[in-house]
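Undergrad:
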Amino acid sequence: MPPADFPPGSVALVGAGPGDPGLLTLHALRALEAAEVVLHDRLVGEGVLALAHPDARLVPVGKLSGGHGVRQEQIHELMLAHARAGRRVVRLKGGDPFVFGRGGEELEFLRAHGIPYRVVPGVTAALGCAAYAGIPLTHRDHAQSLRLATAHCRDSLDTLDWEALARPRQTLALYMGVGTLEQVQDRLLAAGADPATPFALVENGTHSGQRVLTGTLDGLPATARAHAVASPALLILGQVAALAGRLHWFGGAPPGPPMPGVARAA
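Counting with our numbering, you get residues 1 to 266 for the letters of the sequence shown.
Take a look at the structure:
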C-alpha cells in the first residue's frame, strides 16, 4: 500500500544515497515500492533500482560527462507528463536531492505547474563515502568545520572562494572534481593552502569496488594519474583525510604512494 502522502499524480524527490542500498531511508524504500514511474540518475545502482515496484517503469535520465545525456528541461517535462497522467513518480537521485542534485530547480518547476510533491532526503556522497573510508569529516583535534563544493568544470571552479577553501582546520569535500584536480591543486596552493595538507580520493564509495587513495596536496594530480582514478570519486582534503590509513574498515586499506615512474592500473 503506498504512503498516504504519495498520492497518484504526485512526484517524490528521493535521495538514493551514494550507492549501497542499505543506506536508503525507510521513506525512500516505501516510495520506490509504491512508484509507477522511476526517473533515475545514471549513478543510481542496480541494487537500489531492484527495490522499486516490479511493475514500475524505470527511465534513465542521467547526465553524462561532456554535457551529454538527458537535458534538465527534458527531465522536467517527463515528471510533468507522468504526474498529469495520474502516476506516482519517483525522481530518484544519487546522494541527496538538495546537495548538488538540482532538487531545488525541480521543485520550483513542479510548484509552478501545480504538481504535488514530497522530498525524501538521502545520504549525500560526502557523508557516505567518508564514513566507508573511515574518515571523520569533523574532529575536535583537526577540523571544526566542513565545506562542500563542486568542481566538475572550469566555470564552476571560477565561482568558488578559494581563499576560504584553503583555510586550515577544516575539511573540504569536493564533488565531481576528478577531471579538474590539477586546477584544484593550483588554485588551493595559490590561495595559501599548505602543500602538505592530507587528501583522500574515494572512488566508487560504498560500492564493493571502493578504492581509497591518500597523499598530500602537492602530489594530488600525480597520485590520481598513477592510480588511474575515474569518476565517480570524491576528494576529501584536510587533516582528517590522514586518518583513512588507520581507521579504514570497508574494502582494502589505502595503498602507499606509487613508486616514481610507475603507474598502476585501475
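Where a beta carbon is used, it is the ideal one built from N, C-alpha and C, also for glycine.
Source: prediction; values computed, not measured.
Taking the alpha-carbon positions, what's the Gln170 to Ala52 distance?
TA: Approximately 39 Å, taken between the alpha carbons.
Undergrad: Exposed or buried, what is Asp161 when buried is set at 16 or more other beta-carbons lying within 10 Å of its beta-carbon?
TA: Exposed, because fewer than 16 other Cβ atoms sit within 10 Å of the Cβ of Asp161.
Undergrad: For the candidate residues Leu213, Ala151 and Val184, whose alpha-carbon lies nearest to that of Arg246?
TA: For Arg246, the nearest C-alpha among the options comes from Leu213.
Undergrad: Excluding the five sequence neighbours on either side, which residues of its own chain have a C-beta within less than 8 Å of the C-beta of Leu29, listed in chain order?
TA: Contacts found: Leu51.
Undergrad: Would DSSP call His27 helix, strand or coil?
TA: Note: His27 maps to helix in three-state DSSP.
Undergrad: I think Leu201 touches Val240, with their Cβ atoms under 8 Å apart; what is that distance to the nearest whole Å?
TA: Not quite, the Cβ-Cβ distance comes to about 14 Å (not below 8 Å), so this is no contact.
Undergrad: CA-CA distance, Val184 and Pro232?
TA: Their Cα atoms are separated by approximately 17 Å.
Undergrad: Would a C-beta distance cut-off of 7 Å place Tyr117 and Gly205 closer than the cut-off?
TA: For Tyr117 and Gly205, no; Cβs fall outside 7 Å.
Undergrad: What does Tyr175 pair with, by DSSP beta-bridge criteria?
TA: Looking at the DSSP assignment, Tyr175 forms a beta bridge with Thr150.
Undergrad: What are the boundary residues of the beta strand (DSSP E) that includes Leu160?
TA: Where Leu160 is concerned, there is no enclosing beta strand (DSSP E), given that its DSSP letter is neither H nor E.
Undergrad: Please classify Glu4: does DSSP put it in a helix, a strand, or coil?
TA: Position check: residue 4 holds Ala in this sequence, whereas Glu was assumed. Coil, per DSSP.
Undergrad: Indicate whether Val151 and Thr180 have their beta-carbon atoms separated by less than 7 Å.
TA: According to the sequence displayed, residue 151 carries Ala and not Val. Yes. Within cutoff.
Undergrad: Can the beta-carbon of Leu13 be found less than 7 Å from the beta-carbon of Pro97?
TA: Yes; because the gap between Cβ atoms is below 7 Å, this pair is in contact.
Undergrad: CB-CB under 8 Å to Gly86, same chain, minus the five flanking residues each way: which ones, in chain order?
TA: Excluding sequence neighbours, Gly86 sits near Pro8 and Gly9.
Undergrad: If you drop the 5 nearest sequence neighbours on each side, which residues of the same chain put their C-beta closer than 8 Å to that of Arg147?
TA: Result list for Arg147: Ala164, Leu165, Gln170, Thr171, Leu172 and Ala173, in chain order.
Undergrad: With a Cβ-Cβ cutoff of 7 Å, do His207 and Gly19 count as a contact?
TA: The answer is yes: Cβ separation under 7 Å.
Undergrad: Pull up the distance between the alpha-carbon of Pro258 and that of His82, whole angstroms please.
TA: Reliability of the predicted coordinates at Pro258 is poor, the pLDDT of 48 falling under 50, and no value is obtained from them.
Undergrad: Please name the residue, chosen from Asp41, Leu43 and Val48, that lies closest to Ala31 on a Cα-to-Cα basis.
TA: The residue with the shortest Cα to Cα distance from Ala31 is Val48.
Undergrad: Quick test of your reading: Gly95 and Gly69, contact by CB under 8 Å. State the CB separation rounded to the nearest angstrom.
TA: Not a contact, Cβ separation roughly 17 Å.
Undergrad: Using DSSP's beta-bridge definition, name the partner residues of Arg91.
TA: Looking at the DSSP assignment, Arg91 forms a beta bridge with Leu13 and Leu39.
Undergrad: If His27 and Val120 are in contact, beta carbons under 8 Å, what's the gap, nearest whole angstrom?
TA: With a Cβ gap of about 5 Å, His27 and Val120 count as contacting.
Undergrad: Three-state secondary structure (DSSP) at Gly205?
TA: In the structure shown, Gly205 sits in coil (DSSP, three-state: anything other than H, G, I, E or B).
Undergrad: Does the Cβ of Arg71 have 16 or more other Cβ atoms within 10 Å, making it buried, or fewer, making it exposed?
TA: It counts as exposed.
Undergrad: So what's His139 in DSSP terms, helix, strand or just coil?
TA: Looking at His139 - three-state DSSP - the assignment turns out to be strand.
Undergrad: I need the DSSP call for Arg225, collapsed to helix, strand or coil.
TA: Of the three classes helix, strand and coil, the one that applies to Arg225 here is helix, per DSSP.
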